[in-house]
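Reviewing the structure listed below.
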Amino acid sequence: MNKQIYKGHFARKRFGQFFLIDQFIINKIVDALNPKPNEIIIEIGPGLGALTLPVSKYIDKMIVIELDRNLVSILAKDPIFRTKLTIIENDVMKINFSAIAKEKGKSLRIFGNLPYNISTSLIFYLINYINNIIDMNFMLQKEVVNRLIAEPNTKIYGRLSIMAQYYYNIITILEIPSSSFIPIPKVNSSVIRLIPHQKNPYTICNVKLLNYIVTQAFNQRRKVVYNSLNNLFSIQDFKQLGINKNYRAENISVENYCKLASRLEKNRSKNNIF
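Heads up, the final residue of the sequence shown is numbered 1469 in the numbering used here, and it's a clean run with no missing numbers.
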């Protein structure tokens, strides 16, 4: 078999397409998702339906979002899916998930095998709809998962780690070898669950300011944090907050970044940022 072709479909590199073919892994993912008949479930990037089919057996209707016109045509013609699926042919980054939740009268469960080329930007995009989401179950490049769950004092801890952990409880579900896909990717994958915090464990802060501070700190991650943020904070600010001004960006916890954002909120009239 030409490994770029699966079930008559050419895997399209620009869409980051890799098709899951390992039935054992598929079963494990569906078991972990545990779909219920009354839930509003949305799949991002259903591909050829490897996960869509087993999930749809547990529910009456589900929504799938697919950009590839050829895959949309394949799914639409499948007699098994015809009565089950609402197919949205669009870029997921243009979808208003709040409108879907309002139309359905329920919060959403979202899952999918995310293309590697949009996974990080999509997770940030979905933060906009966090109040309409019960949970998100995603298959991601393992490197991205490691960054999501990274802790302070590690090289992979960064903006993605901090912003995701501020919003979500992140649980690793399953590791998936590259051999589970066609074509075979050069990386391994993991399945994770992101559950919005019901009660945020961190200091509630202005998220725009949090993102601004974190971005500025990690753009100059080799500098000590006082040098990268001294246009925003004084030595006295760091001292009062109990944060070592000689730390680098990767040494500061999510909680302490939230404290910095709250301090900047108090001082922002003189900082003229937002």
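Quick reminder that beta carbons are idealized off the backbone N, C-alpha and C, glycines included. Owing to the predicted nature of the structure, the values given are computational and were not obtained by experimental measurement.
Starting from the C-beta of residue i, find all residues in its chain whose C-beta is less than 6 Å away, skip the five residues before and the five after it, and write them out in chain order.
i	result
G1353	F1413
I1322	Y1362
Y1253	P1230
Y1201	At Y1201 the pLDDT is 39, less than 50, meaning the model places this residue with poor confidence; the figure from the coordinates comes in the next sentence. Hits under 6 Å: F1214, I1377.
I1473	A question about residue 1473 goes unanswered here, because the residues of the chain that appear run from 1196 up to 1469.
I1237	I1258, L1303, I1305
Which residues in the same chain have their Cβ closer than 8 Å to the Cβ of residue i, if we skip the five residues on either side of it in sequence?
i	result
K1350	E1445
I1220	L1369, I1371, S1375
I1290	I1260, I1283
Suppose contacts are defined by Cβ-Cβ distances below 7 Å. Is residue i in contact with residue j by that definition?
i	j	result
F1213	F1376	yes
I1357	Y1452	yes
S1384	I1371	yes
S1423	Q1415	yes
A1296	L1303	yes
I1235	I1260	no
S1314	L1335	yes
F1306	L1228	yes
N1138	E1460	Nothing about residue 1138 can be read from this structure; the chain reaches only from 1196 to 1469.
I1408	L1355	no
P1249	V1267	no
Q1360	V1420	no
Y1320	M1288	yes
K1279	S1251	yes
I1387	V1340	yes
What are the partner residues of residue i, as DSSP defines its beta bridges?
i	result
S1457	Answer is none; S1457 lacks a bridge partner.
Q1308	Here residue 1308 turns out to be Asn, not Gln, going by the sequence shown. BP columns for N1308 point to M1334.
T1367	I1387
L1303	I1235, I1328
R1443	V1419
Can you give me the Cβ contacts of residue i inside the same chain, cut-off strictly under 7 Å, excluding the 5 residues immediately before and after it?
i	result
R1207	Below a pLDDT of 50, predicted positions are generally treated as unreliable, and R1207, at 43, falls in that range; the measurement from the model is reported next regardless. So the qualifying residues of the chain are D1263.
P1241	T1247, V1259, E1261, L1270
Y1324	F1292, S1293
Y1397	Y1361, V1449, E1450, C1453
K1299	I1235
N1364	I1390, H1392
D1217	S1375
So what does DSSP say about residue i, is it helix, strand or coil?
i	result
D1217	coil
R1417	coil
F1485	No answer is possible for residue 1485: it lies beyond the span of the chain, which begins at 1196 and ends at 1469.
Q1199	Model confidence at Q1199 stands at a pLDDT of 43, short of 50, so the residue's coordinates are unreliable; what they give is reported in the following sentence. Looking at Q1199 - three-state DSSP - the assignment turns out to be coil, as it is neither helix nor strand.
V1259	strand
T1398	coil
Y1362	helix
I1318	helix
L1343	helix
L1427	coil
I1351	coil
F1210	Residue confidence is low: F1210 scores 44 on pLDDT, short of 50, so the model does not pin down where it sits. No coordinate-derived value is stated.
I1254	coil
I1377	strand
I1357	helix
Q1411	helix
S1382	It should be noted that the sequence gives Val, not Ser, for residue 1382. Three-state result, V1382: coil.
* To do: Ignoring anything shorter than 3 residues or poking outside the region 1267 to 1299, list the beta strand (DSSP E) runs there in chain order.
  => Within the region 1267 to 1299, the complete beta strand (DSSP E) runs of at least 3 residues are 1280 to 1284.
* Taking the runs of the beta strand (DSSP E) that are 3 residues or longer, which of them lie wholly in the region 1216 to 1250? -> Annotation note: the region 1216 to 1250 contains the following uninterrupted beta strand (DSSP E) runs of length 3 or greater, listed N- to C-terminal: 1235 to 1239.
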